[in-house]
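First the structure, in the form of structure tokens, and then the observations on it.
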Amino acid sequence: WLVQDLVPDLLPVFEDIPELFGEVKFVPGQDHKKAMRTRLKRYLAQRQWHDRNGRVITAPPFLIKIGSGRHGSDAFAWPPRTWEQIKILAVTLQAAHLWIALLAMAGRISEIATLNRDCIEWARDGKPYANGKTFKLSANLAGTERDWPAPEVLVQALAQQTRLVSAWEKIARVIKGIRQEDGDM
Numbered sequence: 338w339l340v341q342d343l344v345p346d347l348l349p350v351f352e353d354i355p356e357l358f359g360e361v362k363f364v365p366g367q368d369h370k371k372a373m374r375t376r377l378k379r380y381l382a383q384r385q386w387h388d389r390n391g392r393v394i395t396a397p398p399f400l401i402k403i404g405s406g407r408h409g410s411d412a413f414a415w416p417p418r419t420w421e422q423i424k425i426l427a428v429t430l431q432a433a434h435l436w437i438a439l440l441a442m443a444g445r446i447s448e449i450a451t452l453n454r455d456c457i458e459w460a461r462d463g464k465p466y467a468n469g470k471t472f473k474l475s476a477n478l479a480g481t482e483r484d485w486p487a488p489e490v491l492v493q494a495l496a497q498q499t500r501l502v503s504a505w506e507k508i509a510r511v512i513k514g515i516r517q518e519d520g521d522m
């Protein structure tokens, strides 16, 4: 559900955040973090969440913890409305991608860690393969190159992970830029 229903609607949120935060400027005496949270809350308040069939997601089909529950807040509240909830959803999404990769490839963490962003290649027969290294069956300490057959759900998860990482790299650059203006390295 996370990979097939939630993520297609969630990834654009991550991709929009740099633009939302990009206009925030450091002003002495003002809380730029509050400005960032306010912009994000406004943005999220206007969003409707949809599944892959275009139906509105009023609540996930299972309990999903998207908050810490601090200060009396509901850790399972839906829809997401805060920066904390967005960050928790990003971590949850990465965990789902890892879980799919581990199951689909039957690899160890060290083998999954060798996958690059462009690890999916298409064979002449049109079937996708994930390129990485294997350590299980290798006499080479550095591992041996290996292609794993990649089912559609793995291809989808790895493509989403690439978009997620790219979005968070942009978010990090924007936040770092604001911090540098602040002198807060």
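Position in the sequence shown (first residue = 1) + 337 = our numbering. Where is the CB? At the ideal position from N, CA and C, for every residue including glycine. All values reported here derive from a predicted model rather than from experimental measurement.
Problem - Proximal residues to residue 454 (C-beta, below 6 Å), its chain only, five neighbours per side dropped - result: Translated into the one-based positions of the sequence shown, residue 454 becomes position 117. Counting only Cβ-Cβ distances below 6 Å, and skipping sequence neighbours, we find 499.
Exercise for the section: Starting from the Cα of residue 390, find the closest Cα among 513, 484 and 346 and give me that residue. Expected result: Sequence index remark: in the sequence shown, residue 390 carries index 53 (1-based). For the residues 513, 484 and 346, the minimum Cα distance to residue 390 belongs to 346.
Practice task
Please look up how many angstroms separate the CB atoms of residue 464 and residue 486, rounded, as I've assumed it's under 8 Å.
Solution key: Stepping through the sequence shown from its first residue, residue 464 is reached at position 127. Stepping through the sequence shown from its first residue, residue 486 is reached at position 149. Yes, residue 464 and residue 486 are in contact; Cβ-Cβ is about 7 Å, under 8 Å.
Practice task
Take residue 445 and list the residues in its own chain whose beta-carbon comes closer than 8 Å to its own, dropping the five residues that flank it on each side.
Solution key: By one-based count along the sequence shown, residue 445 stands at place 108. Hits under 8 Å: 472 and 473.
Problem - Cβ-based neighbour list, residue 403, same chain, cut-off 8 Å, excluding 5 preceding and 5 following - result: For the purposes of this step, residue 403 is taken as the residue at position 66 of the sequence shown. The beta carbon of residue 403 is closer than 8 Å to those of 412, 413, 414, 415, 417, 422, 425, 426 and 429 in its chain, skipping five residues each way along the sequence.
Handout entry: residue 433 and residue 502 closer than 9 Å at C-beta
Key = Here residue 433 refers to the residue found at position 96 of the sequence shown. Here residue 502 refers to the residue found at position 165 of the sequence shown. 9 Å or more divides the Cβ of residue 433 from the Cβ of residue 502.
Exercise for the section: Return the Cβ separation of residue 497 and residue 348 in integer angstroms, given the expectation that the two are a contact with Cβ distance under 8 Å. Expected result: Here residue 497 corresponds to residue number 160 of the sequence shown, with the count starting at 1. Here residue 348 corresponds to residue number 11 of the sequence shown, with the count starting at 1. The pair is a contact, with the Cβ atoms about 6 Å apart (cut-off 8 Å).
Problem - Buried or exposed by the 16-neighbour rule on C-beta atoms within 10 Å, applied to residue 396 - result: Residue numbering aside, residue 396 sits at position 59 when the sequence shown is read from its first letter. If you draw a 10 Å sphere on the C-beta of residue 396, you find fewer than 16 other C-beta atoms in it, and that means exposed.
Problem - Distance, residue 491 Cα to residue 521 Cα - result: Counted from its first residue, the sequence shown places residue 521 at position 184. Counted from its first residue, the sequence shown places residue 491 at position 154. Unreliable placement is indicated for residue 521, whose pLDDT of 48 sits below 50; no coordinate value is reported for it.
Problem - Exposure of residue 504, with buried meaning 16 or more beta-carbon neighbours within 10 Å - result: In the sequence shown, counting from the first residue as 1, residue 504 sits at position 167. By the 10 Å Cβ count, residue 504 comes out buried.
Exercise for the section: Jot down the residue ranges of each uninterrupted alpha helix (DSSP H) in the segment 345–392, minimum 4 residues, whole runs only, in chain order. Expected result: Entirely contained in the segment 345–392, the alpha helix (DSSP H) runs reaching 4 residues are, in chain order, 369–383.
Practice task
Return the first residue and the last residue of the beta strand (DSSP E) that residue 470 is part of.
Solution key: Here residue 470 refers to the residue found at position 133 when the sequence shown is read from its first residue. Counting along the chain, the unbroken beta strand (DSSP E) around residue 470 starts and ends at 465–471.
Exercise for the section: Have a look at residue 459 and residue 479 and give me their C-alpha separation to the nearest angstrom. Expected result: Indexing the sequence shown from 1 puts residue 459 at position 122. Indexing the sequence shown from 1 puts residue 479 at position 142. Distance between the alpha carbons of residue 459 and residue 479: 25 Å.
Practice task
Let me know the secondary structure DSSP gives residue 514 once reduced to three states.
Solution key: Residue 514 sits at position 177 when you count from the first residue of the sequence shown. Three-state result, residue 514: helix.
Handout entry: Residues bridged to residue 458 [DSSP beta-bridge criterion]
Key = As a first step, residue 458 must be located in the sequence shown, where it is residue number 121. Answer is 466.
Exercise for the section: Provide the residue(s) that pair with residue 481 in DSSP beta bridges, ordered along the chain. Expected result: Here residue 481 is taken as the residue at index 144 of the sequence shown, counted from 1. For residue 481, which the question treats as bridged, DSSP gives the partners 471.
Practice task
Would you check if the distance between the CB atom of residue 352 and the CB atom of residue 376 is smaller than 9 Å?
Solution key: Position 15 of the sequence shown, counting from 1, holds the residue named residue 352. Position 39 of the sequence shown, counting from 1, holds the residue named residue 376. Residue 352 places its beta carbon 9 Å or farther from that of residue 376.
Handout entry: residue 494 beta carbon less than 9 Å from that of residue 449
Key = Looking up residue 449 in the sequence shown gives position 112. Looking up residue 494 in the sequence shown gives position 157. No, these two residues do not count as a Cβ contact at 9 Å.
Problem - Sequence-distant residues of the same chain with beta carbon closer than 7 Å to residue 344, five excluded per side - result: The residue you call residue 344 lines up with position 7 of the sequence shown. 430 and 497.
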